[in-house]
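These notes are about the structure you will find just below.
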Amino acid sequence: MRVGENPAKTIQRTPKPKQITVAVLSYVPFLSGYYREALDVLKECLNGIWKNSDLPFDLMVFDNGSCEETKDFLSDTQSHGKIQYLVLSEKNVGKGGAWNLIFQGAPGEIIAYCDGDAMLFPGWLSACVQILKIYPNVGMVTARPMRTNPVLYSSTVQWAKKTGGVKMEAGQLITYDEFRDFADTMGYSATKVKQLYMSTQDIRLNFKGLKTFAGANHFQFVGWKKVLNQFTPFEMDKPLGQVQQLDQKINEAGLLRLMTEKSLVQNMSNRVPRDRLNLNVKRQKNSIKNIPVIKKVLLSIHDRIFKMYFEN
-12 MRVGENPAKT IQRTPKPKQI TVAVLSYVPF LSGYYREALD VLKECLNGIW KNSDLPFDLM
48 VFDNGSCEET KDFLSDTQSH GKIQYLVLSE KNVGKGGAWN LIFQGAPGEI IAYCDGDAML
108 FPGWLSACVQ ILKIYPNVGM VTARPMRTNP VLYSSTVQWA KKTGGVKMEA GQLITYDEFR
168 DFADTMGYSA TKVKQLYMST QDIRLNFKGL KTFAGANHFQ FVGWKKVLNQ FTPFEMDKPL
228 GQVQQLDQKI NEAGLLRLMT EKSLVQNMSN RVPRDRLNLN VKRQKNSIKN IPVIKKVLLS
288 IHDRIFKMYF EN
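Numbering (the working numbering), first residue to last: -12 to 299.
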């Protein structure tokens, strides 16, 4: 038998969610080895969102089975009102599983997604939303120009060719330094970075006076919730390696995949930028572990150990 009346009945109105939900996917299984700085990287990501997002938003964090230290940090942060929606998964359901929940569960009309190792710069959010609202049939917008697989933005190029009022140009339109700035976070050698830059090109569009680049990247993107939900559920049987499903599905649906003209996001990977930690960069570069041959062997061993414990 009920005793008394539910106090919730006295609530006259519930707050409406913001139009934009910024969604972050975190995964910090432990704080050693490859993941030694991962929690600091996540904190840098969140700080960038709080500091540099220039439109109203709610923050949603989906934690994909992280260690207790990370979950404690996120829970404490939410208790201080800085995270509006927090999902703590018991285990890693992969990026596809996380996207299924984020795309369907985010309350905003616009989802601004990023991995937990993304560093956002001032103006990133409004720049992406402006493209989303001015260009038609947009699937996803990434907040920096980079070189991506042309096969995955073929629909964007086709749209530009057949649409009146769209100016399109191709060539080496971003500088080598800008290209290398992102490519370095992927672990490529200097030789490979140079080869990639010289063998690829950029496609720049101008529609209604707003310049963009063709392409996008699934580590950070902004899109309409109703559009992104068209592609769920994602069925991926590995935590990583199959995430291009989103890029492929958006392109196959004839939707645009675009990037901002300026670089407003960076991938930190597994390390906080050295200038943020005030470390001696020269000492780090000269460390024996950074000798190319030794580095390659150590990373290979780490990769085998990681797969042994986390992909079974």
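C-beta atoms are modelled at their ideal positions from N, C-alpha and C, and glycine is treated no differently.
Chain-order list of residues whose beta-carbon lies under 7 Å from that of residue i (same chain, five-residue window excluded)
i, result
"Ser141", "Asn238"
"Asn216", "Phe90, Gln91"
"Lys58", "Asp50, Leu75"
"Arg167", "Val180"
"Ser256", "Asp104, Thr172"
"Glu56", "Leu18, Leu26"
Per DSSP, cross-strand counterpart(s) of residue i
i, result
"Phe49", "Leu12, Val74"
"Trp211", "Ile97"
"Lys154", "Asn193"
"Ile7", "Ile97"
"Gln307", "No answer is possible for residue 307: the residues shown for the chain start at -12 and end at 299."
"Val252", "Leu107"
"Met133", "For Met133, which the question treats as bridged, DSSP gives no partner whatsoever."
"Val128", "Val209, Leu245"
Between the CA atoms of residue j and residue i - distance to the nearest angstrom
i, j, result
"Gly84", "Gly92", "12 Å"
"Val28", "Val144", "35 Å"
"Gly103", "Ser13", "5 Å"
"Lys3", "Ala99", "18 Å"
"Asp171", "Phe60", "29 Å"
"Leu139", "Ser176", "25 Å"
"His67", "Cys54", "21 Å"
"Ser250", "Ala114", "10 Å"
"Met185", "Ile70", "43 Å"
"Gly20", "Pro132", "31 Å"
"Pro220", "Val(-10)", "43 Å"
"Asn265", "Gly152", "Note that Asn265 scores 48 on pLDDT, short of 50, meaning its location in the model is unreliable and no value can be drawn from it."
"Val11", "Cys101", "5 Å"
"Glu165", "Glu248", "12 Å"
"Asp45", "Pro94", "9 Å"
"Thr150", "Ile36", "35 Å"
"Trp146", "Gln182", "29 Å"
"Gln271", "Arg261", "With a pLDDT of only 42 at Gln271, under 50, the local geometry of the prediction cannot be trusted, and no value is derived from it."
"Phe200", "Met246", "5 Å"
For residue i, three-class secondary structure by DSSP
i, result
"Leu192", "strand"
"Leu26", "helix"
"Arg167", "helix"
"Arg244", "strand"
"Phe200", "strand"
"Thr162", "coil"
"Met106", "strand"
"Thr187", "coil"
"Met173", "helix"
"Thr64", "helix"
"Gln229", "coil"
"Asp116", "Correcting the residue identity first, residue 116 is Val in this sequence and not Asp. In the structure shown, Val116 sits in a helix (DSSP, three-state: H, G or I)."
"Phe17", "coil"
"Lys69", "coil"
"Thr57", "helix"
Same chain, Cβ closer than 6 Å to residue i, neighbours up to 5 away in sequence not counted
i, result
"Leu233", "His205"
"Asn267", "Legend: pLDDT at Asn267 = 35, less than 50; position of this residue unreliable, no value from coordinates given."
"Leu242", "Asn124, Gly126"
"Val230", "Lys82, His205"
"Tyr72", "Met47"
"Leu197", "Ile121"
"Gln253", "Met106"
"Thr64", "Ile70"
"Arg258", "Glu24"
"Cys32", "Gly103, Ala105"
Residue i: CB within 7 Å of a non-hydrogen atom of the ligand NAD
i, result
"Gly126", "Among the components modelled here there is no ligand, and therefore nothing to report on the ligand NAD."
Interface flag, residue i vs chain D, CB-CB below 8 Å
i, result
"Pro220", "Checking the listed chains, one finds no chain D in this structure; it contains a single protein chain."
Close-in-space but distant-in-sequence residues of the same chain around residue i (CB under 8 Å, 5 per side omitted)
i, result
"Ile97", "Gln6, Ile7, Thr8, Val116, Leu119, Val209, Gly210, Trp211, Lys212"
"Lys148", "Met155"
"Pro16", "Tyr22, Gly52, Ser53, Cys54, Asn79, Phe297"
Do the segment 157 to 176 and the segment 186 to 199 make contact, defined as three or more Cβ pairs closer than 8 Å? yes
Below 8 Å, how does it come out for the segment 38 to 45 and the segment 104 to 111: are there three or more Cβ pairs, yes or no? yes
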